[in-house]
Structure formats: C-alpha cells, structure tokens
Amino acid sequence: MSTLANNGAVAILALMLAGCAIGPKYVRPSAVSPAAFKELQPGDFPNTDGWKTGQPKDDAIRGNWWEVFHDVRLNELEDKVNISNQNIAAAAAAYSAAQATIKEARSQYFPTVTAGANITNLHLVIPAAGAVIGNTYTEYSLPLQASWEPDLWGRVRNTVKASTYAAQASAADLQNVRLAAQSALAADFYELRSQDSMQQVLNATVVSYAEALELNQSLYQSGLGSDEAVAQAETQLRAAQAQAASVGILRAQYEHAIALLIGEPASTFNLTVEPLKPNPPAIPFGVPAGLLERRPDIAAAERGMAQANAQIGIAKAAYYPNITLSASGGPESISITSLPSRFWSVGPALVETIFDGGLRKATVQQYKAAYDQTVANYRQTVLTAFQEVEDNLASIRILSQVSGQQDAAIDAAARTLEEATARYQGGLDPYLNVLAAQIILLNAQQTEVSFREQQMLASVGLIKALGGGWDASSLQETKCGANPCPAPSPNNPHSADR
Numbered sequence: 000m001s002t003l004a005n006n007g008a009v010a011i012l013a014l015m016l017a018g019c020a021i022g023p024k025y026v027r028p029s030a031v032s033p034a035a036f037k038e039l040q041p042g043d044f045p046n047t048d049g050w051k052t053g054q055p056k057d058d059a060i061r062g063n064w065w066e067v068f069h070d071v072r073l074n075e076l077e078d079k080v081n082i083s084n085q086n087i088a089a090a091a092a093a094y095s096a097a098q099a100t101i102k103e104a105r106s107q108y109f110p111t112v113t114a115g116a117n118i119t120n121l122h123l124v125i126p127a128a129g130a131v132i133g134n135t136y137t138e139y140s141l142p143l144q145a146s147w148e149p150d151l152w153g154r155v156r157n158t159v160k161a162s163t164y165a166a167q168a169s170a171a172d173l174q175n176v177r178l179a180a181q182s183a184l185a186a187d188f189y190e191l192r193s194q195d196s197m198q199q200v201l202n203a204t205v206v207s208y209a210e211a212l213e214l215n216q217s218l219y220q221s222g223l224g225s226d227e228a229v230a231q232a233e234t235q236l237r238a239a240q241a242q243a244a245s246v247g248i249l250r251a252q253y254e255h256a257i258a259l260l261i262g263e264p265a266s267t268f269n270l271t272v273e274p275l276k277p278n279p280p281a282i283p284f285g286v287p288a289g290l291l292e293r294r295p296d297i298a299a300a301e302r303g304m305a306q307a308n309a310q311i312g313i314a315k316a317a318y319y320p321n322i323t324l325s326a327s328g329g330p331e332s333i334s335i336t337s338l339p340s341r342f343w344s345v346g347p348a349l350v351e352t353i354f355d356g357g358l359r360k361a362t363v364q365q366y367k368a369a370y371d372q373t374v375a376n377y378r379q380t381v382l383t384a385f386q387e388v389e390d391n392l393a394s395i396r397i398l399s400q401v402s403g404q405q406d407a408a409i410d411a412a413a414r415t416l417e418e419a420t421a422r423y424q425g426g427l428d429p430y431l432n433v434l435a436a437q438i439i440l441l442n443a444q445q446t447e448v449s450f451r452e453q454q455m456l457a458s459v460g461l462i463k464a465l466g467g468g469w470d471a472s473s474l475q476e477t478k479c480g481a482n483p484c485p486a487p488s489p490n491n492p493h494s495a496d497r
C-alpha cells in the first residue's frame, strides 16, 4: 500500500511540474519597413493607367487576381493551373505531410500501451541429496505494458510548436508555389500575345515591302528606275520575310511553357493567334508595412524563425532528467489452457545524463545558430520583397510615359517613309533613303510592341510582388490537431527573447 502511495505521489508531482517549459519565448524579430514606396511619388505619373492608391476597404488585391486583366482566355488557363499544375500538387502533398507531423508530435502527450503473448521454455536444475534433479516446462503469459514520459521541461510542447510552425510555413510555401505558377502563366500568356502582335507588325511589313518591290520593278521596266534599287528592295523584303518566320519559334516556346504550367502535354495544346491588347489594370498596392502580411514567402520565412526558436527549447530540455512512468501486468501460467496466475508491476524511472563530452551544449549552440540564420533569411526575404515591388513600380511608371512617346515616334517614322517614297518616285532622292526610312519605321513598331509587353509583364510582376491577394491571416485556418495554429502578430517590432 505504501508503494502504491509513493508511486501515486510521484505521478502527481510529475503532473504538477508538467507546466514548466524550457526554451526562449518567440517574438517576431524586427525587419526594415519603409514609410512609403520610393518609386511611387505624386506627380510623376499623372493620368496614367496601372496605378491606384489604396482606398479604404480597397487597399489590397483580392480573390482571383488575374481577373483584373479582363481576359477570358487567361481566366480559363489560370483555373487549370490551380487544378493540374504538378508543382502545386507536390507542394500540397508536402503540406499534408507537415500536418501529419503535427499529429505525430502530439501523440507524445499520451502513454504508449502495448500487448503481447510470450511462450518461454524453461529448464531448472536443482541439486538435492547428492543428486541433480532437472525439470523442463513451458511458461505462457499475456503481458499488457504501458509507459508514459511526462512533459516536464516542455520537450513535447516545443516539438508540437516546431511541427505546427513548420506546417504553417508549408502552407505559405504552397501558396507561394501557387502564386509563382499563376504569375508565370500570366507572364507567358502576355509574352505569347506580344509575339502575335510582333507577327502582325512583320506581316504588314512584308506586304509593304512587297509593294515597294513591285514599284521598283515597274520603274525599272519603264526605264525610270535601276536594277540596284530592285535588288535593294528585294533584299529588304526577303529579310523581313525571314524575320516574320522566326517569330514562330518564340511563340511556340511560350505555348509549350503554358501547356506545362496547366498540366497538359505540349503536343496537344494550342492557343489561337490574337495580338496583344495592352490593358494594364489599376493595382491597389497599399502601404509598405502591409507587404509583410501579404507575401507568402515572407510568412514562410517568419514561420521558419518560430520553428527554429522552438527547436532551441527542445535542445535545452536535454539538460534536465527524464522521468518515465511504466506499468505492466497480465496473466501467466505453465498451462496454455489455464492462466490462473496474475502479475503486475508499476514504478517510475529517472534518467539524467552526467557526462556527454559537451554534446548538449553544442546542440543548443547549433540550434541558436540555425535560428540566427533564419532571422537573416527572413530579413533578406523582406528586403527582396521591397526591391521587387520598387522594380515593378518603376517599370510601370516609366513605361506608361514612354509608350505615348513611342506612339509619336511611330507616327513621325511613318511620315518620314511617305516623304522618302514620294521623293524617290519624283527622282529627287536615291532608294537608300526609302530603305533607311523603312528600317526606322519597323524598329519603332517593334519597340512599341516591346514596351507594351513590358508594361503587361510589369503589371503581373507587381501583383506577384504584392502577394497576389494572399494574406497571412489565412494561416489561422491551418489546423494543428484539434486546435487552430497560432498566427504571427502583425508588425511586432521586437526581436526574439534569446
């Protein structure tokens, strides 16, 4: 009775001590957050598309962000990305594995119970009265064993925390992979449409050059032109035809890339030809501080810090003794048909490492260094995010200005070609002037297509850099066993308590 009381007292003491937890408390480290975007200065881009200062209840991109481009075909393709992209499927599987890891960690809160059946052959030799008596028999037992290690120093709790944070990071990684695939598809889509526009320009150029060749041939046959001019016009035409044919290479590659992103074989996927319709949307970019909550890669890096912080607590718990409560019991007998005997045992076991050659100290140092690494990675991710936003803001601002200037350049080049052609037909200038004007016009038209393409790509890049409508609050919906995972507090300026 006294033994049972002592064992009960030990168990109660263990439960009371279970509230102790070893390890640093996690608080999100600070990161640089500017007050305003540098490339977003009032007055730099009056009356231009693609800009929108965040308004109340409209300070972030929401929902299916690609729908702001108002392209039905792009919408259809983006829907397929979410369903069939294999990188997204792999990231989703990794997230499922991370959720299972939480359940594995939580299982350590509970005792382990095992049952078995033992059959043991025994032989006893007993000396008696100068003789040796031997006896062999078989022992049968059906033991039931249970063991439990109370979480005295928070090792299990920190393990659960680490697994929880890892699952949240995996959830953010999944969204980051999804955003990368979606933005890559939109970029490839607009690059393909730009090739269609380039094809349209070159096809029109080929027609124009063919007419110029016919004109020179007619002038030559009538004695008003020269064979040199005919040869020059033919050279110009053949070069334009070759350039027009080569556009198909890039278009095919973009089409194949889109097929890969939507999970379809490149051999069976086709997109109809349709020139680019530049329509950069108004993008609500909000304020720089909000970027920390809208970028999934920043959220993943932040959750990685929390995980590394919890692992420090796991390593520190190794300094303290482990107490294991175990019990076993069951029937046993030397007859399989009858098991009248009963046995049981119960008691605690305490294990403390006396000497380990500095193993535990080195392990703690290792995890502290790993935490410092995640802090540096987090801050670098934040800096990269601001760089990407500023890059795309600058691109949109500058391209919105130069696109209008390039349209004026095309008009001027067209007038120059008309004048040069008229002077050539009047016999005032050589045909070289016409060739030069043709080249200038074609280059201006190609540059205009390139500017429009860059404008659309910058719009896609800005939406991606702003997080594509995602928000870190969605991590609250990530389930950790039966309880919601904790979410990071927004914009906490403090560093972790080490």
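When you line the sequence shown up against numbering that gives the first Met the number 0, it's residues 0 to 497, in that order.
Here a beta-carbon is modelled for each residue, glycine too, at the ideal position from N, C-alpha and C.
Since the structure is predicted, the reported quantities are computational estimates derived from the model, not experimental observations.
Spatial neighbours of residue i in its chain, beta-carbon cut-off 7 angstroms, leaving aside the 5 residues before and after
i: lysine 37; result: Glu389
i: tryptophan 65; result: Leu73, Asn74, Glu77, Gln181 and Ala185
i: alanine 457; result: Asn391, Ser394, Ile395 and Leu398
i: glutamine 85; result: Gly262
i: glycine 115; result: Pro142
i: serine 225; result: Tyr219
i: glycine 329; result: Ser140, Leu141, Pro142, Leu143 and Phe342
Where the beta strand (DSSP E) containing residue i begins and where it ends
i: leucine 212; result: No beta strand (DSSP E) holds leucine 212; the alpha helix (DSSP H) holding it covers 154–220.
i: leucine 291; result: Note, leucine 291: premise wrong, no beta strand (DSSP E); alpha helix (DSSP H) at 290–293.
i: threonine 113; result: 111–114
i: arginine 341; result: 340–350
i: alanine 323; result: According to the sequence shown, residue 323 is threonine rather than alanine. Run containing threonine 323: 321–332, per the beta strand (DSSP E) assignment.
i: leucine 143; result: 143–147
Burial state of residue i, where buried means 16 or more other Cβ atoms lie within 10 Å
i: asparagine 442; result: exposed
i: tryptophan 343; result: exposed
i: arginine 192; result: buried
i: proline 33; result: exposed
i: alanine 179; result: buried
i: arginine 27; result: buried
i: alanine 384; result: buried
i: isoleucine 462; result: buried
i: tyrosine 136; result: exposed
i: glycine 22; result: buried
i: glutamate 447; result: buried
i: arginine 177; result: buried
i: phenylalanine 354; result: exposed
i: glutamine 437; result: buried
i: leucine 214; result: buried
i: glutamine 364; result: exposed
i: alanine 241; result: exposed
Given residue i as reference, the closest of the options once Cα atoms are compared
i: lysine 276; options: Ala170, Leu73 and Ser29; result: Leu73
i: serine 204; options: Ser473, Ser472, Ala170 and Ile439; result: Per the sequence shown, residue 204 should be read as threonine rather than serine. Checking every option, the nearest Cα to that of threonine 204 belongs to Ile439.
i: valine 350; options: His122, Asp195, Arg237 and Glu148; result: Glu148
i: alanine 89; options: Pro283, Leu173 and Glu418; result: Leu173
i: glutamine 499; options: Ala251, Ala300, Ser332 and Ala241; result: Here the chain covers residues 0 to 497 and nothing more, so residue 499 does not appear.
i: threonine 420; options: Gln372, Thr352, Tyr208 and Met304; result: Tyr208
i: alanine 371; options: Ser402, Gly346, Gly403 and Ile311; result: For clarity, residue 371 is aspartate in the given sequence; the question names alanine instead. Looking at the Cα atoms, Ile311 is the closest of the given residues.
i: arginine 302; options: Ala166, Gly425 and Leu324; result: Ala166
Start and end residues, alpha helix (DSSP H) containing residue i
i: aspartate 95; result: This sequence places serine at residue 95; aspartate is not what is there. Start and end: 85–105.
i: glutamate 38; result: No alpha helix (DSSP H) contains glutamate 38, which DSSP labels as neither H nor E.
i: alanine 419; result: 358–424
i: leucine 440; result: 430–464
i: serine 245; result: 226–260
Same chain, Cβ closer than 8 angstroms to residue i, five either side skipped, listed in chain order
i: proline 45; result: Unreliable placement is indicated for proline 45, whose pLDDT of 42 sits below 50; the coordinate value is still reported in the next sentence. Same-chain partners within the cutoff: there are none.
i: isoleucine 257; result: Leu76, Leu184, Asp187, Phe188, Leu191, Phe268 and Leu270
i: threonine 158; result: Ala104, Gln107, Ala309 and Ile313
i: glutamine 199; result: Pro274
i: leucine 259; result: Ala265
i: alanine 17; result: Confidence is the limiting factor: at alanine 17 the pLDDT is only 49, short of 50, which leaves the residue's position unreliable and the question unanswerable from this model.
i: methionine 304; result: Tyr25, Arg27, Pro28, Tyr370, Thr373, Val374, Tyr377 and Ala495
Contacting residues, own chain, Cβ-Cβ under 6 angstroms from residue i (five flanking each side not counted)
i: alanine 145; result: Pro110, Val112 and Ala326
i: serine 83; result: Ile261 and Gly262
i: tyrosine 423; result: Tyr430 and Val433
i: threonine 119; result: Glu138
i: alanine 412; result: Ile439, Leu440 and Ala443
Cβ contact (3+ pairs, closer than 8 angstroms) linking the segment 314–321 and the segment 144–152:
The segment 314–321 vs the segment 144–152: in contact.
Any contact of the segment 460–469 with the segment 281–298, i.e. 3+ C-beta pairs under 8 angstroms?
Cβ pair count under 8 angstroms is three or more, so yes.
Within the chosen definition, does the segment 88–102 reach the segment 155–163 through at least 3 CB pairs nearer than 8 angstroms?
Taking a contact to require three or more Cβ pairs closer than 8 angstroms, the segment 88–102 and the segment 155–163 qualify as touching.
Could you say if the segment 226–242 and the segment 426–441 meet the contact criterion of at least three C-beta pairs nearer than 8 angstroms?
Judged by Cβ distances under 8 angstroms, the segment 226–242 makes contact with the segment 426–441, as three or more pairs qualify.
Any contact between the segment 295–311 and the segment 104–114? By contact I mean 3 or more CB pairs, one from each, below 8 angstroms.
Output reads no: the segment 104–114 does not touch the segment 295–311.
Three or more C-beta pairs under 8 angstroms: does that hold for the segment 392–408 against the segment 450–466?
By the C-beta criterion, the segment 392–408 is judged to be in contact with the segment 450–466, since at least 3 inter-stretch pairs fall below 8 angstroms.
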